[in-house]
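See structure below.
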Amino acid sequence: RTLILREGNEAAVLVAAFIESRVDQVSVPPFADLAFDANIPVPLPGEEPADVLWNTSELLRVDAQLLLWHDAPGAVAAAETKLLRALEIARGQSALSWELRAAMDLAQLWRGQGRAIEAHDLLASTYGKFSEGFGTSDLVRARSLIAEFESIRPPA
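Here's what the structure looks like:
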């Protein structure tokens, strides 16, 4: 089911990311009891797990996107907090791919706040940690974002 959602619109992709970031996807409410072709609403973010698990960084990153999607009061600040925590956890676990995903999302958030220089520096620093895999979708996307930031960055 998540593969089909991944090919859908922005809301469907966000639902897929929510499902994929949970430990036991089959039991994730309200998805476990839905018919295969049901229209799934974008869920609300969950609470941070009490224990840091192998996927906590990704779970927090997705929850930050859910906050931004729902655009409730305080969503931007709450999303930034979740993304900073996701970065911290990913770095602590040496989970470079999840660090990159959190950095990309945080960089885009910061760009929207007029913090393009900080966004560029965070993303370029994280991207620079990679030594392989430059053809993967995440690294291709990161390189594209870095190029965008460089095109709007004032000369030093």
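Per the numbering used here: the sequence shown = residues 688 to 843.
Built from N, CA and C at the ideal position, the CB exists for glycine as well.
Owing to the predicted nature of the structure, the values given are computational and were not obtained by experimental measurement.
* Asked: Near residue 808, which residues of its chain fall below 6 Å by C-beta distance, leaving aside the five closest residues on each side in sequence?
  -> In the sequence shown, counting from the first residue as 1, residue 808 sits at position 121. There are no such residues.
* **First through last residue of the alpha helix (DSSP H) which encompasses residue 778** => Position 91 of the sequence shown, counted from the first residue, corresponds to residue 778. Run containing residue 778: 762-779, per the alpha helix (DSSP H) assignment.
* To do: Can you check the segment 774-831 for any beta strand (DSSP E) of at least 3 residues that lies completely inside it and give the ranges in chain order?
  => none
* Which residue comes first and which comes last in the alpha helix (DSSP H) that contains residue 754? -> Translated into the one-based positions of the sequence shown, residue 754 becomes position 67. Unbroken alpha helix (DSSP H) run through residue 754: 743-757.
* **Selection from 776, 760, 754 and 701 that minimises the alpha carbon distance to residue 766** => Within the sequence shown, the letter at position 79 stands for residue 766. Ranking 776, 760, 754 and 701 by Cα distance to residue 766 puts 754 first.
* Evaluate residue 884 with the Cβ neighbour count: other Cβ atoms within 10 Å of its Cβ, from every protein chain shown; 16 or more gives buried, anything less gives exposed. => Limits of the chain in this structure are 688 at one end and 843 at the other, which puts residue 884 out of reach.
* **8 Å contact criterion, which residue 839 and residue 811 should meet: CB distance rounded** => Working through the sequence shown from its first residue, we reach residue 839 at position 152. Working through the sequence shown from its first residue, we reach residue 811 at position 124. The pair is not a contact, with the Cβ atoms about 14 Å apart (cut-off 8 Å).
* **Alpha-carbon to alpha-carbon, residue 825 and residue 772** => On the sequence shown, position 85 is the one that residue 772 refers to. On the sequence shown, position 138 is the one that residue 825 refers to. Straight-line Cα distance between these residues: approximately 20 Å.
* To do: Please list, in chain order, all residues of the same chain as residue 769 whose beta carbon is under 6 Å from its beta carbon, the five residues on each side excluded.
  => Residue numbering aside, residue 769 sits at position 82 when the sequence shown is read from its first letter. 747, 750 and 751.
* Asked: Applying the criterion that 16 or more other CB atoms from any shown protein chain within 10 Å of the CB defines a buried residue, is residue 759 buried or exposed?
  -> Translated into the one-based positions of the sequence shown, residue 759 becomes position 72. By the 10 Å Cβ count, residue 759 comes out exposed.
* Mapping DSSP to helix, strand and coil, what is residue 740? -> Here residue 740 is taken as the residue at index 53 of the sequence shown, counted from 1. Looking at residue 740 - three-state DSSP - the assignment turns out to be coil, as it is neither helix nor strand.
* residue 813 and residue 786 closer than 8 Å at C-beta -> For the purposes of this step, residue 813 is identified with residue 126 of the sequence shown, where counting begins at 1. For the purposes of this step, residue 786 is identified with residue 99 of the sequence shown, where counting begins at 1. Contact flag set, yes.
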